[in-house]
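Report on the structure given below.
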Amino acid sequence: MAVVVAALLWRTRGDGDELVTGPSGEAFYETTAEQLAAGRHGTIIWSRRVVDGPTIGGTTHLVMYRSTSAKGEPVAVSGVVSVPEGEPPAGGWPVISWGHGTTGTADRCAPSRSLVDEQTGVYAASMDRATADLVDDGFAVVRTDYEGLGTPGPHPYLMGQSAGAAMSDIVLAAHELTPDLSSRWVAMGHSQGAQAAIFTARFTDAYTPGLDLVGIVAIAPPSQLGVVVEMADGGAPAGTSADEAAAAEGQDAGFLGPLVVAAARTADVPVEQVVSPQGRRLLPQLEQRCIAELFRDDSFGGMQLTDFVRGDADLSRIRRTVGTNDAAEVLPQVPVLLVHGDRDTTVPVLLSDRLAEQYEEQGADLEYERVTGADHISVLTEGEPRVRAWVDRVFAG
Numbered sequence: 186m187a188v189v190v191a192a193l194l195w196r197t198r199g200d201g202d203e204l205v206t207g208p209s210g211e212a213f214y215e216t217t218a219e220q221l222a223a224g225r226h227g228t229i230i231w232s233r234r235v236v237d238g239p240t241i242g243g244t245t246h247l248v249m250y251r252s253t254s255a256k257g258e259p260v261a262v263s264g265v266v267s268v269p270e271g272e273p274p275a276g277g278w279p280v281i282s283w284g285h286g287t288t289g290t291a292d293r294c295a296p297s298r299s300l301v302d303e304q305t306g307v308y309a310a311s312m313d314r315a316t317a318d319l320v321d322d323g324f325a326v327v328r329t330d331y332e333g334l335g336t337p338g339p340h341p342y343l344m345g346q347s348a349g350a351a352m353s354d355i356v357l358a359a360h361e362l363t364p365d366l367s368s369r370w371v372a373m374g375h376s377q378g379a380q381a382a383i384f385t386a387r388f389t390d391a392y393t394p395g396l397d398l399v400g401i402v403a404i405a406p407p408s409q410l411g412v413v414v415e416m417a418d419g420g421a422p423a424g425t426s427a428d429e430a431a432a433a434e435g436q437d438a439g440f441l442g443p444l445v446v447a448a449a450r451t452a453d454v455p456v457e458q459v460v461s462p463q464g465r466r467l468l469p470q471l472e473q474r475c476i477a478e479l480f481r482d483d484s485f486g487g488m489q490l491t492d493f494v495r496g497d498a499d500l501s502r503i504r505r506t507v508g509t510n511d512a513a514e515v516l517p518q519v520p521v522l523l524v525h526g527d528r529d530t531t532v533p534v535l536l537s538d539r540l541a542e543q544y545e546e547q548g549a550d551l552e553y554e555r556v557t558g559a560d561h562i563s564v565l566t567e568g569e570p571r572v573r574a575w576v577d578r579v580f581a582g
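Residue numbering for the sequence shown follows this note's numbering, beginning at 186 and increasing consecutively.
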């Protein structure tokens, strides 16, 4: 580490503040407790210009910035900031904070890294193309990796509080990187990232002073997650519809195993009190594998959730933690566009049907687009025209 620190280069912004240029390679993702403690959330630890970045006509930086963990503690998070070239419009480039879908739980699965498996690589490449299009159209796009992806420590999978903070703090960090950004921003995400985008609603006002969250786009968000955990604990909660129960029943541990582990760690419940002996044999894979590998038969995808969880486990604290981090528990005070494909078998559309009902019952400013014929991935392209029109409208407003 001493060699790394000695090799750091300093660069100076136009306003005289100095920002550190981080080291190249994997050393970029390694920071010290002292560096973390040297600033508040939303400030940059270091950054590095990406010469061969994914965007077209823009400038891209890797950033390491300070955020707030699932346990409410300071944490270093990595991400990417892409800004259009040229003269910014009056008020600065409008900002879109993008939340990526599930790529895995190991550090190599972070979208800002290149060491990912084939399936994750395809997904990341599609996100790069989408970012390029947005930057070409005059948006600054910031993309967090989330807590524990790329950086040391476990990734708190589907812990919305952590992901929402990471999506919000990278907007603050981007403003430190360049003065050419607007204070107005939209949170947009897909799947896991859609849940994260919804949770940015909890990080407005005093948490992000000077910023103005004008809207949230949630594409195929997982919600009603407490239903699944309840069923693993012996039965569906009161008020669960037959369709919701059918969607939850028999789920494998591909997505839900990492969720249970993350909830246990967040709630300070020893994992061995929750996970079965056969499930515990899979835990090292959380720091080794990306999404396609985690769904193999020799991994979480080959085990039912009811077999992954101990039959005698007390899941009460797990249920509470999952519930606290469920998108259904957030009521955004800004306009929301909810988009979901009606042929989605990864996150069943009926979950968003229910989420839309819950939001409407509580008076949310919601538009819900059910995309006919779209699945979990194709909804990104088939729903894109509606998403872009909506984003243009909320920024214009």
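Glycine included, C-beta positions come from ideal geometry on N, C-alpha and C.
Local conformation of residue i per DSSP, three classes
i: Q489; result: strand
i: S376; result: coil
i: S209; result: coil
i: V236; result: coil
i: Y250; result: strand
i: T530; result: coil
i: V446; result: helix
i: A403; result: strand
i: Q279; result: Just to set this straight, residue 279 is Pro in the shown sequence, not Gln. Strand at P279.
i: V564; result: helix
i: E332; result: coil
i: E472; result: helix
i: R466; result: coil
i: V320; result: helix
Exposure label - residue i; buried when at least 16 CB within 10 Å
i: T217; result: exposed
i: P443; result: buried
i: E554; result: buried
i: T557; result: exposed
i: G276; result: exposed
i: E542; result: exposed
i: S353; result: buried
i: R234; result: exposed
i: T288; result: buried
i: E361; result: buried
i: Q547; result: exposed
i: E332; result: buried
i: T393; result: buried
i: P274; result: exposed
i: E478; result: buried
Endpoints, alpha helix (DSSP H) assigned at residue i
i: M344; result: Unbroken run through M344: none, as it is neither H nor E.
i: Y544; result: 534-546
i: V572; result: 569-581
i: I227; result: The sequence as given places Gly at residue 227; Ile does not occur at that position. G227 -> no alpha helix (DSSP H), and no H or E assigned at all.
i: G289; result: Segment: none, G289 is in no alpha helix (DSSP H) and carries neither H nor E.
i: R387; result: Looking at the DSSP string, R387 is not in any alpha helix (DSSP H), and its letter there is neither H nor E.
i: Q185; result: Outside the displayed span of the chain (186 to 582) sits residue 185, for which this structure offers no information.
i: R502; result: 501-509
i: I476; result: 476-479
Residue i versus residue j: straight-line alpha-carbon distance, rounded
i: I562; j: A379; result: 13 Å
i: F480; j: R465; result: 16 Å
i: R505; j: S232; result: 37 Å
i: V576; j: V519; result: 13 Å
i: D302; j: T290; result: Legend: pLDDT at D302 = 37, less than 50; position of this residue unreliable, value from coordinates given subsequently. Distance between the alpha carbons of D302 and T290: 12 Å.
i: S408; j: M344; result: 12 Å
i: G323; j: P279; result: 8 Å
i: E514; j: G508; result: 7 Å
i: T530; j: F580; result: 32 Å
i: A351; j: T253; result: 7 Å
i: V460; j: A358; result: 37 Å
i: A449; j: E215; result: 25 Å
i: R251; j: P341; result: 16 Å
i: Q470; j: Q377; result: 20 Å
i: D365; j: L500; result: 48 Å
i: L490; j: Q220; result: 39 Å
i: V564; j: E203; result: 42 Å
i: E270; j: G243; result: 5 Å
i: G227; j: D292; result: 21 Å
i: A315; j: G496; result: 44 Å
Where the beta strand (DSSP E) through residue i begins and ends
i: A325; result: 325-329
i: R298; result: No beta strand (DSSP E) contains R298, which DSSP labels as neither H nor E.
One or two residues paired with residue i in a DSSP bridge
i: V494; result: V460
i: R369; result: D397
i: I551; result: Contrary to the premise, residue 551 reads as Leu rather than Ile in this sequence. DSSP output for L551 lists V521 as bridge partner(s).
i: P259; result: T253
i: T245; result: V235, S267
i: V556; result: G526
Any non-hydrogen atom of the ligand ATP within 7 Å of residue i CB
i: E546; result: No copy of the ligand ATP occurs in the structure displayed, which carries no ligand at all.
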